[in-house]
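> Residue numbers for the sequence shown follow the numbering used here, so the first one is 100 and each next one is one higher.
Note that CB positions come from ideal geometry on N, CA and C, so glycine has one too.
After the structure tokens below, expect a handful of questions from me.
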Amino acid sequence: MPRWATPDAAIRDYWRRRGGHVQSLDLSAPRTGTLHGAQEAELAYACVAWALAQIPENERKIVVAVALGASYRSIAEYLHRSDWWVRHRHMRGWTVVRDILAELDLIPANRSA
């Protein structure tokens, strides 16, 4: 059973955990409270980190920023690039991350494929 519904949900969850908010996260989701559940969660977070590491740094920053709620326009302004450039980089990186997480069964597989 997939752990997250979307790649963005996986990235947000991983990023919050990475940011030191571990106390507020349930590492044993789905709420078993067992050591095995915690180990599965740690592995899942490591897989998200690995998936993000498979894309270039610029794309990774954009994918994470969008997952955390930033708009293409705000990212474009910050990077001094066009909205189109940001959108293109986001979709290219997001697709790679999505495919990796789906292959690892951490998110539902792409139903349109």
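Using DSSP with H/G/I as helix, E/B as strand and the rest coil, what is Pro-207?
Here residue 207 refers to the residue found at position 108 when the sequence shown is read from its first residue. Looking at Pro-207 - three-state DSSP - the assignment turns out to be coil, as it is neither helix nor strand.
> Is the beta carbon of Tyr-171 closer than 7 Å to that of Arg-186?
For the purposes of this step, residue 186 is identified with residue 87 of the sequence shown, where counting begins at 1. For the purposes of this step, residue 171 is identified with residue 72 of the sequence shown, where counting begins at 1. Yes.
> Output needed for Ala-164: all residues of its chain with C-beta closer than 7 Å, excluding positions within five of it in sequence on either side, in chain order.
If you number the sequence shown from 1, residue 164 lands on position 65. Cβ neighbours of Ala-164 beyond the five flanking positions: Ile-174.
> From Asp-72 to Glu-141, what distance separates their C-alpha atoms?
It is not possible to answer for residue 72, since the shown part of the chain is limited to 100 through 212.
> Can you list, in chain order, the residues of its chain with a C-beta nearer than 7 Å to that of Ala-143? Leave out the 5 residues immediately preceding and following it.
Position 44 of the sequence shown holds residue 143. Taken in chain order, the residues that qualify are Arg-102, Leu-205.
> Determine the DSSP secondary structure at Thr-194, reduced to helix, strand or coil.
Taking the first residue of the sequence shown as position 1, residue 194 is located at position 95. Note: Thr-194 maps to helix in three-state DSSP.
> Since Asp-107 contacts Ala-166 with CB under 8 Å, what's their CB separation in whole angstroms?
The count along the sequence shown starts at 1 and reaches residue 107 at position 8. The count along the sequence shown starts at 1 and reaches residue 166 at position 67. With a Cβ gap of about 4 Å, Asp-107 and Ala-166 count as contacting.
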